[in-house]
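The block underneath contains the structure these notes are about, expressed in structure tokens.
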Amino acid sequence: MSIAFPAPDPAILARREAIIEGLRPLVAREALVTSEDERRAFETDGLTAYRRMPLAVVLPSTTAEVAAVMRYCHAEGVRVVPRGAGTSLAGGAIAQEDAIILGVAKMNQVLSLDFANRTARVQSGITNLAISGAVAHEGFFYAPDPSSQLACTIAGNIAMNSGGAHCLKYGVTTNNLLGVTLVLVDGTVVEIGGEHLDAAGYDLLGLICGSEGQLGIVTEATVRILRAAEGARPALMGFGSVEAAGACTAAIIGAGIIPVAIEYMDREAITICEAFAKAGYPLDAEAMLIIEVEGSDQECDAMLARICEIAKPFNPTSLKVSQSEAESAAIWKGRKSAFGATGRISDYICMDGTIPTGQLAQVLERIGEITRAYGLRCANVFHAGDGNLHPLILFDINTPGEMEKAEKAGEDMLKLCVEVGGCLTGEHGVGIEKRDLMNVQYAPEDLAQQMRVRAVFDPAWLMNPAKVFPLEGRIAA
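Positions in the sequence shown are counted from 1; adding 511 to them yields our numbering.
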């Protein structure tokens, strides 16, 4: 394994049984997981190539229980790794041997709905999709829609500032988050933001969203809910080259048109997803765009007509506009299940760099060159509208050296994103996967300032300590 973890604290390991006994009275009996077999389910997240067995797993049901656990761990000097559903693809929730996992999955209730002011207050263990399900009867929805939205929690969404296919129009988590209840490292409970649109003082909410569980544990959240559009219609557009699809995307955005989503797939991804979803994807295309617009039938027709006119110079090889809800569902099933469908045929690493949309064509060409140089295959499927790339680097973990080659290829792709004016991550977070690349994007002074802010919340580095910042060069509180 090429990603290093800090050595566990032998003093904490020696006190494991005593620490567990101290945790027992703080939560329900079934909420404390201590046996090796049960802890094994929590030793990794979506970045399954890396695993660590946690000291114990605690699954509180209330903010008060979370606060009690945090107070105890702070007093005992025990590290804490927060966990939502464990769908992180960057290793953000992977455990450490001298740390407990604190999971919020049992905290999954809707606390209040305010349709007049378009807000919902929820416990942070609720799944992303369940928020939309709770408000759909009134014609509302929660906009961020990562592909894992059926399973991922709002806690993880906040930790990684997750997005999704429709973030092009509606924004990512930070644009839809109004307030949180946050339990600090010493067990103090604070309210940040609220149901209002803006708050006085420093924008601490912006600091919390995307902080990857290093500043505290989010136990409740107030989010925006939006009125659902009158209708929506996706279209499939095939192209004869990767470059044409990338250039067409840049042209649509450059023309000032903001569809609900512009999703990209190359030939490899088209073949994989069509075999799974039977969505009618153009198998003869080198690349494909899913472009969704919304509004009345007349508005959808007009918007698609403009988009088709812009696409003409790029010579699309096929165009299919959804004619029914069933066709729309199939189109999105293929895209939403891309990661799972790819997992059926190969091991893979999913990268998450972001670039300026005007660089799409050149970057996609360079990604192909990088993949071929390592003798690997790559399936590109990503949010083209905002330049959030998700190259899936395929490899065989049973072939010695293949995973290491895939990781090196991924590093080169992320460095490329920074080189063209983008950044290391769009929505998956840094975790451990991109931790050692942070100095590619940030100067030492930049990283030091970020670590100083972190130390204000957690001077002893007890919260998710192995993540985000390179192990070398960490500053003391």
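Cβ coordinates follow ideal geometry from the N, Cα and C atoms, glycine included.
The alpha-carbon of L679 is positioned some 11 Å away from that of E803. Checking the DSSP bridge columns, you'll see K919 has no partner listed.
Apart from the 5 residues on each side of it in sequence, S572 sits with its Cβ closer than 8 Å to the Cβ of V538, A539, A542, K617 and M618 in its chain, given in chain order. Proximity to Q960 across I943, F980 and N975 peaks at F980, based on C-alpha coordinates. With respect to I768, R817 sits close: the two C-beta atoms are nearer than 8 Å.
By the neighbour-count criterion, in which a residue is buried when 16 or more other Cβ atoms sit within 10 angstroms of its Cβ, V683 is buried. One alpha carbon belongs to I514, the other to F850, and they sit about 23 Å apart.
In the DSSP annotation of this structure, P521 is not part of any beta strand (DSSP E); the continuous alpha helix (DSSP H) holding it starts and ends at P521 to A525.
CA-to-CA, the gap between L925 and V592 works out to about 26 Å.
Distance from T760 to I781 at the Cβ level is roughly 16 Å; contact not present, criterion being Cβ atoms closer than 8 Å. Sorting V771, M581, T730 and T555 by C-alpha distance to the C-alpha of D656 places V771 at the top. Here the segment 939-957 makes no contact with the segment 688-708; the two share fewer than three CB pairs at distances below 8 Å. For R551, the three-state secondary structure derived from DSSP is helix. Per DSSP, reduced to three states, the secondary structure at S835 is coil, with no helix or strand assignment. Fewer than three pairs of CB atoms, one per stretch, sit closer than 8 Å, so the segment 635-650 makes no contact with the segment 711-725. Under DSSP, F893 shares a beta bridge with Y775. Beta-bridge annotation (DSSP): A732 is paired with V633 and V691. Within the DSSP secondary-structure output, A966 pairs in no beta bridge. DSSP lists A798 as the bridge partner or partners of F750. By the CB criterion at 8 Å, F553 and R590 fall outside the cutoff. Here V544 is actually not in contact with R535; their C-beta atoms are around 12 Å apart, not less than 8 Å.
Taking the CA atoms as reference points, G932 sits about 7 Å from P867. In this structure, N899 keeps its C-beta atom at 8 Å or more from the C-beta atom of D777. Below 8 Å, too few C-beta pairs join the segment 735-744 and the segment 859-866 to call them touching: fewer than three. Excluding its 5 nearest sequence neighbours in each direction, Y792 has C-beta neighbours in its own chain below 7 Å: L747, I781, C784, E785, M799 and G845, listed in chain order. Annotation: H648 to D625 spans about 13 Å, alpha carbon to alpha carbon. Note: A743 is bridge-paired with E805 in the DSSP secondary-structure output. Between D858 and D795 a beta carbon distance of about 28 Å is seen, past the 8 Å cut, so the two are scored as non-contacting.
Relative to the Cα of V832, the nearest Cα in the group R526, C819, M564 and I611 belongs to C819. Taking all protein chains shown into account, D957 has fewer than 16 neighbouring C-beta atoms within 10 Å of its C-beta and is therefore exposed. In the three-state DSSP reduction, T664 falls in the strand class (E or B). E731 is positioned such that its CB atom lies no closer than 8 Å to that of C889.
Distance from the CA atom of V874 to the CA atom of G749, rounded to whole angstroms, is 19 Å. Where E576 is concerned, there is no enclosing beta strand (DSSP E), although the alpha helix (DSSP H) around it starts and stops at T574 to E587.
Shortest Cα-Cα distance from G650 to any of A917, R629, I665 and S546 involves R629. Only buried fits H939, as 16 or more other CB atoms lie within 10 angstroms of its CB.
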